[in-house]
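Letter 338 of the sequence shown, counting from 1, is numbered 338 in full-length UniProt numbering, and no numbers are missing.
Think of the CB as a built atom: it goes at the ideal place given N, C-alpha and C, for glycine as much as any other residue.
Note sheet for the following structure.
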Amino acid sequence: MADGKTALQLAATAGHESVAQLLLDNSAEAAGRHDDCNDTPLMYAVAAGQEGMTRLLLNQVGFNITNTDRWTPLTCAIRNGHSAIVEALLQSDSFSDLDIHVGLSMACQSGQKEIVKLLLAPDVWVSIDGEVRDEYYKEFPPLAHAINQKHVEILEVLLAHEGTDVNVTCMFESLPDCPALCLAAAVGFEAGVEMLLAHPGIEINSENKHGVTALGIAAERGHARIVEILLACDGIDHNHVSRAGQTPLSIAAYIGQESAARVLLNDPRVIIWGRHWLSGETAFMLAAKQGHEKIVRLFLARSEDNREYGKLLAREALEAAQAKGHWNIVALLLESSVEGRVDRWPDPWDFEGFQGSSSGGIGYYIQ
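Set out below in structure tokens:
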């Protein structure tokens, strides 16, 4: 014994196969002995990356013995990136289906492309309906790991696999029910967004828990290039209204994402002057209220499209900026020749071209 380890465990770690065989010949029970952490000689061989020793011990002890940290030989090999040992363990045909799913998440997270391929092989992969043993991997499935870590090659492998749910949801920043496309937009994974959009099964207007789509999330995060990619997609809802009553444009205006707001304002399909269904605020007002001068300038440029209505909205924006003490914006709006006083908001039916949001139309209209 040395540090509580048996002779076979020491031989397994060092890769002394002849010594291990001698010990096994003298005691068939040696392979099954474990330490205080429930690690068998096989686990020691796997952790040390000893492929030959792993093959020697495979038929000597129960394959799925789990240690006190809930690791099995297979998940241990995956964690350490030992692809040859993973292949050897899979060839034993005695692995756990749950370990395959947990292991796949681990491999996707760490960028182990070859291991991902091994686990998705037709003679290995088994779809399971039960809960994955470890809650962490259940809440963040393999596809989500590949997206979050921006592993392009692994995402490509997963999307080519027939069993991959491209609209799977995950927990992202304490927010459950975040679809894969929304996650890719949130982390700024441009290549991932394009790959997901190219998949025939993708739902481009899928929402997170708050009813925000990938377009709204990209706008919120300021990922202007992703906003452009999404706006160019057939079937995208350019004016999707979230559960809080916000559109992608109003989100960008409120947060202060100038680049994203510019892209949205330049798209003729985006409703620019829509009002919040409850507060009556426009995206223009929100930008002024939050003190985002550069975005206010973008709206002023677009107000030339309809000067009378633009003046009305500029007056409302001026009052919002004044109430918050954003005097630079107040000065800007006064310089833009805001005239008159607004006593009431207009009836939307007074304007031609009334248009509701394509996501359901809860109070947005434009001129």
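Confirm, please, whether the CB-CB distance from residue j to residue i is below 8 angstroms.
i, j, result
"G192", "L155", "yes"
"Q50", "G15", "yes"
"M171", "E139", "yes"
"I85", "T54", "yes"
"A331", "M285", "no"
"E190", "I226", "yes"
"A186", "R221", "yes"
"A253", "A224", "no"
"D267", "H238", "yes"
"E321", "I329", "Reading off the sequence, residue 321 comes out as Ala, not Glu. A contact, by the Cβ cut-off of 8 angstroms."
"P248", "L215", "yes"
"E87", "G52", "no"
"A261", "L300", "no"
"L56", "A20", "yes"
"A160", "V168", "no"
Over the uninterrupted alpha helix (DSSP H) stretch that includes residue i, give me the two end residues.
i, result
"F299", "293-302"
"W327", "327-335"
"P41", "41-47"
"E51", "51-57"
"C108", "97-110"
"R275", "Run containing R275: none; DSSP gives neither H nor E here."
"E87", "83-91"
"Q21", "17-26"
"I251", "248-255"
"S259", "258-265"
"V227", "224-231"
"K113", "113-119"
"T6", "That residue, T6, is in no alpha helix (DSSP H); it is neither H nor E in DSSP."
"K209", "No alpha helix (DSSP H) contains K209, which DSSP labels as neither H nor E."
"P73", "73-79"
"residue 373", "The requested residue 373 does not occur in the structure, where the chain is confined to residues 1 to 367."
"Q290", "283-290"
Starting from residue i and walking both ways along the beta strand (DSSP E), at which residues does that stretch end?
i, result
"D177", "175-179"
What's the gap between the Cα of residue i and the Cα of residue j?
i, j, result
"C76", "H145", "18 angstroms"
"I271", "I147", "31 angstroms"
"K5", "Q112", "31 angstroms"
"S336", "K289", "17 angstroms"
"A283", "L158", "39 angstroms"
"H276", "Q246", "7 angstroms"
"G188", "A218", "8 angstroms"
"W71", "C182", "32 angstroms"
"residue 374", "I255", "Given a span of 1 to 367 for the chain in the structure shown, any question on residue 374 remains unanswerable."
"A45", "L58", "10 angstroms"
"L119", "W125", "6 angstroms"
"A11", "D69", "23 angstroms"
"S279", "E319", "15 angstroms"
"E258", "L265", "10 angstroms"
"Q149", "W327", "43 angstroms"
"M195", "L24", "51 angstroms"
"G201", "A7", "54 angstroms"
"Q91", "H82", "14 angstroms"
"K117", "P176", "28 angstroms"
"I295", "E281", "15 angstroms"
"D123", "N67", "27 angstroms"
"Q9", "I236", "59 angstroms"
"S303", "E228", "22 angstroms"
Which whole-angstrom value describes the C-beta separation of residue i and residue j, a residue pair presumed to lie in contact below a C-beta threshold of 8 angstroms?
i, j, result
"P73", "S105", "Their Cβ separation, rounded to whole angstroms, is 17 angstroms, which puts P73 and S105 out of contact at 8 angstroms."
"A244", "H210", "6 angstroms"
"I78", "N38", "In fact, because the Cβ distance is near 19 angstroms, the residues do not count as touching under 8 angstroms."
"L334", "W273", "The pair is not a contact, with the Cβ atoms about 21 angstroms apart (cut-off 8 angstroms)."
"S242", "V212", "5 angstroms"
"C233", "I204", "6 angstroms"
"A107", "I100", "Incorrect: roughly 10 angstroms between the Cβ atoms, too far for contact."
"N80", "A47", "7 angstroms"
"V152", "H199", "In fact, because the Cβ distance is near 14 angstroms, the residues do not count as touching under 8 angstroms."
So within the stretch 136-205, which uninterrupted beta strand (DSSP E) runs reach at least 3 residues, ignoring any that extend past its ends? 169-172, 175-179
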